[in-house]
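Shown next, in C-alpha cells, is the structure this report addresses.
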Amino acid sequence: MSLALSTLLFEWRRYLAAVIALALAGVLMLALSAMFIGILQSFTATIDKSRAQVIILPAGASSLGGPGGGGGALPKRVVPLIYRHPEVVEVQDLPGDFGRFYGPGQTSPSMVNIMVIDTSPNGVTLPDDFTDEMRRAIEPPYNVGVDASAVNQLGVKLGDEATINGRTVRIALIMEGYANSQAPGVVMSRQTQRLMGTANDDMFGLLMVRIKNTSAKDAKRVAEELNAMADGQYKAWTKEPLAAATVKDAMSEGLLAIILGFMSVIGFVIGVVITWQTLRGAILANIKEFASLRALGVSIGQLRGVVMELSFWVGVLGIAASAVLMVGITFLAKSANIPMGFELGSSLQTGLLLLLISIMSGALTLGALKKGEPADLLK
Amino acid sequence: MINPLRKQKIEIDESPVFKPSAEEAGKTWAIEARGITKSFKAGHVKVDVLKGIDLLIEPGEIVLVMGPSGSGKSTLLAAVSGLMKPDGGRVVALDKDIWKMPRSRIDRFRLANCGFIFQGFNLFPALTASQQVQVVLKFMKKKKSERKAAAEAALRDVNLGHRFNNRPDRLSGGEKQRVAIARALAKKPRLIFADEPTSALDGENGHVVMELLRKCAKEQGATVMCVTHDARLAVFADRIITIEDGRITSTNADPAQFANSH
Numbered sequence: 004m005s006l007a008l009s010t011l012l013f014e015w016r017r018y019l020a021a022v023i024a025l026a027l028a029g030v031l032m033l034a035l036s037a038m039f040i041g042i043l044q045s046f047t048a049t050i051d052k053s054r055a056q057v058i059i060l061p062a063g064a065s066s067l068g069g070p071g072g073g074g075g076a077l078p079k080r081v082v083p084l085i086y087r088h089p090e091v092v093e094v095q096d097l098p099g100d101f102g103r104f105y106g107p108g109q110t111s112p113s114m115v116n117i118m119v120i121d122t123s124p125n126g127v128t129l130p131d132d133f134t135d136e137m138r139r140a141i142e143p144p145y146n147v148g149v150d151a152s153a154v155n156q157l158g159v160k161l162g163d164e165a166t167i168n169g170r171t172v173r174i175a176l177i178m179e180g181y182a183n184s185q186a187p188g189v190v191m192s193r194q195t196q197r198l199m200g201t202a203n204d205d206m207f208g209l210l211m212v213r214i215k216n217t218s219a220k221d222a223k224r225v226a227e228e229l230n231a232m233a234d235g236q237y238k239a240w241t242k243e244p245l246a247a248a249t250v251k252d253a254m255s256e257g258l259l260a261i262i263l264g265f266m267s268v269i270g271f272v273i274g275v276v277i278t279w280q281t282l283r284g285a286i287l288a289n290i291k292e293f294a295s296l297r298a299l300g301v302s303i304g305q306l307r308g309v310v311m312e313l314s315f316w317v318g319v320l321g322i323a324a325s326a327v328l329m330v331g332i333t334f335l336a337k338s339a340n341i342p343m344g345f346e347l348g349s350s351l352q353t354g355l356l357l358l359l360i361s362i363m364s365g366a367l368t369l370g371a372l373k374k375g376e377p378a379d380l381l382k
Numbered sequence: 039m040i041n042p043l044r045k046q047k048i049e050i051d052e053s054p055v056f057k058p059s060a061e062e063a064g065k066t067w068a069i070e071a072r073g074i075t076k077s078f079k080a081g082h083v084k085v086d087v088l089k090g091i092d093l094l095i096e097p098g099e100i101v102l103v104m105g106p107s108g109s110g111k112s113t114l115l116a117a118v119s120g121l122m123k124p125d126g127g128r129v130v131a132l133d134k135d136i137w138k139m140p141r142s143r144i145d146r147f148r149l150a151n152c153g154f155i156f157q158g159f160n161l162f163p164a165l166t167a168s169q170q171v172q173v174v175l176k177f178m179k180k181k182k183s184e185r186k187a188a189a190e191a192a193l194r195d196v197n198l199g200h201r202f203n204n205r206p207d208r209l210s211g212g213e214k215q216r217v218a219i220a221r222a223l224a225k226k227p228r229l230i231f232a233d234e235p236t237s238a239l240d241g242e243n244g245h246v247v248m249e250l251l252r253k254c255a256k257e258q259g260a261t262v263m264c265v266t267h268d269a270r271l272a273v274f275a276d277r278i279i280t281i282e283d284g285r286i287t288s289t290n291a292d293p294a295q296f297a298n299s300h
C-alpha cells in the first residue's frame, strides 16, 4: 500500500472533513438535478413504460420538451407515412392533458396530469408495468386510476367518485410508480378520454410505434430508416436517446441551468476551500516526517506526487460518501413520494467534478510542503 | 523566534583560501569541508554562526562533533550534509563538490549516499516499522521484494526483528529511534549524519541506540558524523571534534576529558 493511501486510511479522522465536504458538494449538485429529472420522468412515465420501440416527434422537436411540452404537433397524415415501413406493426398517438380534478374530500379542485393509455391487451401505449387486472380496472368508461402518492392530496380512495373537468369519474385503480410532485397523475383509457370530449384526432403530440422485432438494435435501425423516409415531416427516435435529449434540453433551460450552474459553482468553491484546508492541515501535521524524507534525498517532486495521490484518494472517498448519501436521500425522497431520477451522464459529471475538486485542492496544498525544510529538523 | 537554520540569501565565496598541511596532502576524505562560513540575520544584527571551519573526516570514521548549545555544530552538519548552503567555503563529500551541484543533483546525492538520524524520530504514524524503512527504498525505485528484504534485515540489525508490523504508537522512544536508524541504514549509505540522536531518550536507551549505530555503521563501512552535546556519547566515537563559537577548538579531543564531565 502506498504512503498516501496508508496515511489516509490510518488518519481518516483528519481527512474526514474533506471527505464530508466533497460528499455534500456532490449531493448539492446531484440531488437537485435528480429531483428535476424525477419531475421530468414523472411527466414522461407513460412514454418510458410504453410497449413502443420507436417514437415519432415533429421534425423540429429536439426532445419531448420538458413538462407538458411536446415540441409542436404532428398532423394525422403522418400516421400512414409511418406504416409505409414494412416492419411497423402498430402506430398510436399518446395523448396527455391536464384537467381539473375535484375529489369528495377536497375543498378546492386540483390540477392533475392526465395520462391516456390503450386498455386493449398488449396495447402499444399500455405501460409495461400494468397487470391485466389493472388494465381491466380502467377499461370501463369513466373509470380512472390515481397514483398512490396522490390519494391524500386528491381526497379519494378506491371506489370513490370524483369529477375531472366537470365529468364524473370513478376511482377504479390505485397504482404505484406514477408519482408526480408537480401535478398528481391520473390515468384513463382512450375511450374515456373520448367520452370526456378532450380527444383530438387530427393533431398529435407524438406517435408511439411498435415494430416486428423488439430488440434495441432493430429499433435503432428502423428509426434510422424511418428518418431516411421522413422528408422533413417527422423525426423518429428510440427511447434512450429521446430520454437523454429531453433531460439535456430541460437542464439547459434558462432558470434551471442558472440554478444548477450556481449550485455547482457554490459546491465547487466550498468543496475546494474545505478540502484544501483539510489537506493542508493534514500535511502540516506530518511535515516533519516529510522533511525527514527530504533529508534522506526524496525530491520535492516525489513528495508532491504523494500529496496529489492523497488528494486523489480523498476524492475517491468523497465520491463514495456522496453515493452513500444519495442512496439515503433517494430512500427518503421515495418515502415522501418525491420522484427522483438519475442519469448516468450527470452522475458521472458530478463524480468527475468531485475528483477535480480534490485534485485542485491537492494542487493548492503543494505549497505546504515548502514548510518542510529538512534543515529545520536540526535543532 | 527566527530559526537560524532556515534558508537565507547567501553569498558564496568562490575562492576559499586553503593550504593543506603535509600530513593532510594526498589523503582521501569522506568529507572535506574547507573555510565554511555561515551567518544569519536576527533583526538588524548579523550573527556569524560558522567562522571559517575546516573539517576533514576519513572514510569509515565515526566522528563526534561536540560543543555547547549555539556553538554552530548543527549548522555545520547541515552545511556538510547538503541540507543548507553555507555562505562561503567548499564541501567535498565522496569526491563531489556538493554545493556546486544543482539542488536536484544534491537530492539525488543524498538519496544515494546519505542517511540521517534526527533528535525527533519523524516516523509516519500510519506506517509500520517495516513500511517506514521501505518507503525510502521505494523512492529509490527498489523492487518490492528487495525493499522488504532490506527493511527486515535493517530492522533485525537494530534488534527490532519482532517489531516489523508495529506502528510508532506501539513503539517505545528507543525503539522509534532504532526504526529511524534502520530507515537511515537500509539504503546502505556511505555517509551517516546524526543530530542529537539520543537527546530524546533516557540514558540506557541512548546507550543502546548509539551502540547499535556504531555497530551497524562499522559493519557497513559507513562514515558517521554525529553532532551532540551529550558527553556520555564520547565513548562511541573514533574521534571527537569540539566546536565553540563557530570555530573548531580541537580536531581530536581526548574522550577522557568528556568522560569526566558528567
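If you're matching them up, the sequences are chains A and B in order.
Counting from 4, one number per residue, gives the positions in the first sequence under the working numbering.
Counting from 39, one number per residue, gives the positions in the second sequence under the working numbering.
Don't be surprised by glycine CBs; every beta carbon is placed ideally from N, CA and C.
- Taking 7 Å as the threshold, the shortest C-beta distance from B/Arg-201 to chain A does not fall below it.
- Annotated three-state conformation of A/Gly-200 is coil, per DSSP.
- Shown here for B/Ser-288: same chain residues with a beta carbon closer than 6 Å to its own, the five before and five after excluded, namely Thr-280 in chain order.
- Here DSSP, grouped into helix, strand and coil, assigns A/Ala-247 to helix.
- Nearest C-alpha to B/Val-103 among B/Ile-219, B/Glu-234, B/Gln-295: B/Glu-234.
- With contacts defined by Cβ atoms closer than 7 Å, A/Leu-372 and B/Phe-156 do not form a contacting pair.
- Proximity to B/Lys-89 across B/Ser-77, B/Lys-253, B/Gln-258 peaks at B/Ser-77, based on C-alpha coordinates.
- With 16 or more neighbouring CB atoms inside 10 Å of its own CB, B/Trp-137 falls in the buried class.
- Residues of the segment 249-266 of chain B with a C-beta atom less than 7 Å from some C-beta of chain A do not occur.
- Taking all protein chains in view, the Cβ of A/Tyr-86 is surrounded by fewer than 16 other Cβ atoms within 10 Å, so the residue is classified as exposed.
- At a cut-off of 7 Å between beta-carbon atoms, A/Val-319 makes no contact with chain B.
- With contacts defined by Cβ atoms closer than 7 Å, A/Val-82 and A/Gln-236 do not form a contacting pair.
- In this structure, the alpha-carbon of A/Ser-302 lies about 15 Å from that of B/Met-139.
- For the pair of segments examined, the segment 52-59 of chain A was found not to touch the segment 348-367 of chain A: the number of CB pairs separated by less than 8 Å stays below three.
- Around A/Tyr-105, the same chain offers Pro-112, Ala-165, Thr-166 as residues with beta carbons nearer than 7 Å, after the five sequence neighbours per side are excluded.
- Non-local C-beta neighbours of B/Arg-148 in its own chain, meaning closer than 6 Å and more than five positions away in sequence, comprise Gly-120, ordered along the chain.
- Just so you know, the alpha carbons of B/Arg-146 and A/Gly-308 end up roughly 17 Å apart.
- When 8 Å is used as the limit between beta carbons, A/Glu-14 is near these residues of chain B: Pro-163, Ala-164, in chain order.
- In this structure, the CA atom of A/Ala-219 is about 12 Å from the CA atom of A/Arg-54.
- DSSP assignment within the segment 31-68 of chain A yields the following whole alpha helix (DSSP H) runs of 4 residues or more, N-terminal first: 48-51.
- The beta carbon of B/Asn-204 sits no closer than 7 Å to any beta carbon of chain A.
- Uninterrupted alpha helix (DSSP H) stretches at least 4 residues long and entirely within the segment 137-170 of chain A occur at 154-157, given in chain order.
- A/Thr-122 and A/Asp-135 have their C-alpha atoms roughly 9 Å apart.
- About 5 Å separates the beta carbon of A/Glu-90 from that of A/Lys-215, a gap short enough to meet the 8 Å contact definition.
- Contact check between the segment 165-184 of chain B and the segment 240-254 of chain B: fewer than three CB pairs, one atom from each, fall below 8 Å, which does not count as touching.
- Taking each of A/Met-32, A/Leu-176, A/Asn-230 in turn and checking the Cα distance to A/Ile-269, the smallest one comes out for A/Met-32.
- For A/Leu-287, there are no C-beta contacts with chain B under 8 Å, since the nearest C-beta of that chain is about 14 Å from it.
- At least one CB atom of chain B sits nearer than 7 Å to the CB of A/Ser-295.
- Within the segment 106-123 of chain B, the residues whose Cβ lies closer than 7 Å to some Cβ of chain A are Ser-112, Leu-115, Ala-116, Leu-121, Met-122, listed in chain order.
- By the Cβ criterion, the segment 114-121 of chain A is in contact with the segment 35-54 of chain A, since at least three pairs of Cβ atoms, one from each stretch, lie closer than 8 Å.
- In the DSSP assignment, B/Gly-126 falls within the beta strand (DSSP E) that extends over 126-131.
- Excluding the 5 residues flanking it on each side, B/Glu-99 has same chain C-beta neighbours closer than 8 Å at Ala-68, Thr-261, Val-262, Asp-276, Arg-277, in chain order.
- Secondary-structure assignment with DSSP links B/Ser-168 through no beta bridge to anything.
- DSSP places B/Lys-76 within a strand segment (E or B) once states are collapsed to three.
- The shortest C-alpha to C-alpha distance from B/Ala-189 to any of B/Asp-86, B/Leu-223, B/Thr-236 is the one to B/Leu-223.
- Under the DSSP assignment, A/Trp-240 falls in the beta strand (DSSP E) whose first and last residues are 238-241.
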